[in-house]
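Visitor: Whatever position you read off the sequence shown (first residue = 1), add 226 for my numbering.
Glycine included, C-beta positions come from ideal geometry on N, C-alpha and C.
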Amino acid sequence: MRRMLSRIFSSFLLLWAVFTLTFLLTRFAPGNPFAQGRHLPPEVMANLMKVYHLDQPLWVQYLLTLRQTLEGNLGVSYKATGIPVSEILLQTLPVSLTLGSAALIVSVILGLAGGLLIGVGYPILSRTLRWTTTLLVGLPSFLLAAVLIDLLALRGGLFPVALWEGWRSAVLPVIALSVAPAGYLARVFAASMEETLESPFYRTAVAKGLGPFRRITFHLVLPSLNAVLSLLGPLAAAFLTGSFVVETVFAIPGMGRVFVLSVMNRDYPLIMGTTLVYTVFLTVAVLLGDVLSEAVDPRVRAV
227 MRRMLSRIFS SFLLLWAVFT LTFLLTRFAP GNPFAQGRHL PPEVMANLMK
277 VYHLDQPLWV QYLLTLRQTL EGNLGVSYKA TGIPVSEILL QTLPVSLTLG
327 SAALIVSVIL GLAGGLLIGV GYPILSRTLR WTTTLLVGLP SFLLAAVLID
377 LLALRGGLFP VALWEGWRSA VLPVIALSVA PAGYLARVFA ASMEETLESP
427 FYRTAVAKGL GPFRRITFHL VLPSLNAVLS LLGPLAAAFL TGSFVVETVF
477 AIPGMGRVFV LSVMNRDYPL IMGTTLVYTV FLTVAVLLGD VLSEAVDPRV
527 RAV
């Protein structure tokens with residue numbers, strides 16, 4: 227219980243730190259949020275600065291923004307005039323959740339299958355998969371997305387090039403988003419199984435003469451899952467909020483693309499809102515990952 231309370235307290239500290247850092251970065255960034263491609267009269271510019279409290283001292287802006295955020299009010303977008311940030315996030319979050327959930331499921335399935343084949347497969351297959359997963363881990367998602375668009379969308383005509391219009395629109399983004407994490411999970415899972423193979427726990431199972439299925443399933447695979455579960459928290463947060471690059475390349479109307487556009491437009495409230503939502507997902511996902519790790523492996527609870 228004390229350990230969980232400590233984690234929750236640390237999560238709130240992280241949220242406050244992210245809020246403060248985001249506020250300072252937006253305020254100290256060069257440029258004016260209302261001067262993007264527009265030549266407004268000085269009177270109009272001064273009025274906009276006053277309406278959004280940007281004419282106040284920095285510490286006053288910080289306290290006003292902090293109080294507003296604690297009250298659950300993320301403000302209104304500068305670019306989409308009059309539209310609350312919360313409304314924009316509610317429109318884009320389901321898209322990112324759908325894309326991220328699908329990518330997470332695909333990456334976990336491929337990662338576990340690949341790791342199992344690396345760990346207990348034939349030597350030739352194991353070596354081939356090791357090289358393949360190493361290449362996949364270093365493959366940039368934007369490069370894979372461009373190749374997929376060229377081969378399967380523009381030339382093959384099998385899937386839409388961009389936008390979000392049904393399940394066919396999700397195939398290429400999910401592949402682009404899940405391939406590199408799948409390779410990384412496969413390597414981690416294989417390394418964890420190799421460590422388990424040398425453990426007294428597994429050697430005892432071999433000495434007892436347990437059958438291959440029972441020995442591999444309960445004494446090799448399950449104990450090795452803890453290493454993968456510890457990564458699911460950060461991966462889930464990254465997937466569920468969507469990839470900035472993938473959503474931008476495929477013009478998917480999710481939170482990742484909204485964040486990129488908000489940075490380009492210097493839309494302070496929208497930058498803050500998307501950043502805080504991402505941070506909340508990250509902290510919750512990491513906490514859930516820790517809980518799953520403790521549930522699967524009693525050794526973690528003893529730490």
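(1) Curious, which full-length beta strand (DSSP E) runs of at least 3 residues does the region 444-477 contain?
(2) Could you check what DSSP says for P310 in three-state terms: helix, strand or coil?
(3) Can you list the alpha helix (DSSP H) stretches of 4 or more residues lying completely in the region 328-402, in chain order?
(4) Check this for me: beta carbons of V414 and A453, under 8 Å apart or not?
(5) With C-beta atoms as the reference, is A562 less than 8 Å away from I344?
(6) For the pair the region 252-261 and the region 486-496, tell me if three or more CB-CB distances fall below 8 Å.
(7) Which parts of the region 271-318 are runs of the beta strand (DSSP E), unbroken and 3 residues or longer, counting only runs that do not cross its ends?
(8) Ends of the alpha helix (DSSP H) at G482?
(9) Restricting to Cα atoms, I'd like to know which of P438, G392, E269, A416 is closest to W357.
(10) Taking the C-alpha atoms as reference points, what is the distance between V346 and L370?
(11) Please say whether T359 and L392 have beta carbons closer to each other than 8 Å?
(12) For A396, tell me which candidate among S322, F507, I309, R253 has the shortest Cα-Cα distance.
(13) Out of curiosity, what's the CA-to-CA distance linking L290 and L316?
(14) Rounded C-beta distance between V484 and T307? I'm assuming under 8 Å.
(15) Below 8 Å, how does it come out for the region 437-444 and the region 467-476: are there three or more Cβ pairs, yes or no?
(16) Quick one: using the 10 Å Cβ neighbour count with 16 as the cut-off for buried, is F427 buried or exposed?
(17) Taking the alpha carbon of S450 as the reference point, which residue from L280, E421, S236, A372 has its own alpha carbon closest?
(18) Looking only at C-alpha atoms, which of L398, T354, L330 sits nearest to L378?
(19) Are L502 and V244 close, meaning C-beta to C-beta below 8 Å?
(20) Start and end of the alpha helix (DSSP H) containing A431?
(21) Alpha carbon to alpha carbon, what distance is there between S303 and L455?
(22) Beta-carbon separation of S312 and L296 under 8 Å?
(23) Which word fits S418, buried or exposed, when buried means at least 16 other C-beta atoms lie within 10 angstroms of its C-beta?
Guide: So, from the data block:
(1) none
(2) On the sequence shown, residue 310 is found 84 positions in, with the first residue counted as 1. If DSSP states are grouped into helix, strand and coil, P310 belongs with the strands.
(3) 349-363, 367-374
(4) What you label residue 414 is simply residue 188 of the sequence shown in a count that begins at 1. What you label residue 453 is simply residue 227 of the sequence shown in a count that begins at 1. Yes, the Cβ-Cβ distance between V414 and A453 is below 8 Å.
(5) Residue coverage of the chain in this structure runs from 227 to 529, which leaves residue 562 outside it and unanswerable.
(6) yes
(7) The region 271-318 contains no whole beta strand (DSSP E) run of 3 or more residues.
(8) Locating residue 482 in the sequence shown gives position 256, counting from the first residue. Its alpha helix (DSSP H) spans residues 481-491.
(9) By one-based count along the sequence shown, residue 357 stands at place 131. Comparing Cα positions, the closest option is A416.
(10) Sequence index remark: in the sequence shown, residue 346 carries index 120 (1-based). Sequence index remark: in the sequence shown, residue 370 carries index 144 (1-based). Those two C-alpha atoms are separated by around 29 Å.
(11) Along the sequence shown, one-based indexing puts residue 392 at 166. Along the sequence shown, one-based indexing puts residue 359 at 133. Sequence inspection shows Gly at residue 392; the Leu mentioned does not correspond to that position. Not closer than 8 Å, so no.
(12) For the purposes of this step, residue 396 is taken as the residue at position 170 of the sequence shown. Comparing Cα positions, the closest option is S322.
(13) Working through the sequence shown from its first residue, we reach residue 290 at position 64. Working through the sequence shown from its first residue, we reach residue 316 at position 90. Rounded to whole angstroms, L290 to L316 spans 23 Å at the Cα level.
(14) As a position in the sequence shown, residue 484 is number 258, starting the count at 1. As a position in the sequence shown, residue 307 is number 81, starting the count at 1. Going by Cβ atoms, the distance from V484 to T307 rounds to 16 Å, so no, they are not a contact pair.
(15) no
(16) Residue numbering aside, residue 427 sits at position 201 when the sequence shown is read from its first letter. Counting the other Cβ atoms within 10 Å of the Cβ of F427 gives fewer than 16, which makes it exposed.
(17) If you number the sequence shown from 1, residue 450 lands on position 224. Of L280, E421, S236, A372, the residue nearest in Cα terms is E421.
(18) For this step, residue 378 is matched to residue 152 along the sequence shown. The residue from L398, T354, L330 with its alpha-carbon nearest to that of L378 is L398.
(19) Position 276 of the sequence shown, counting from 1, holds the residue named residue 502. Position 18 of the sequence shown, counting from 1, holds the residue named residue 244. In contact: L502 and V244 (Cβ atoms closer than 8 Å).
(20) The residue you call residue 431 lines up with position 205 of the sequence shown. Start and end: 426-433.
(21) On the sequence shown, residue 455 is found 229 positions in, with the first residue counted as 1. On the sequence shown, residue 303 is found 77 positions in, with the first residue counted as 1. Those two C-alpha atoms are separated by around 37 Å.
(22) Start at 1 with the first residue of the sequence shown, and residue 312 comes out as number 86. Start at 1 with the first residue of the sequence shown, and residue 296 comes out as number 70. The answer is no: Cβ separation not under 8 Å.
(23) By 1-based counting over the sequence shown, the position of residue 418 is 192. Buried, since its Cβ has 16 or more Cβ neighbours within 10 Å.
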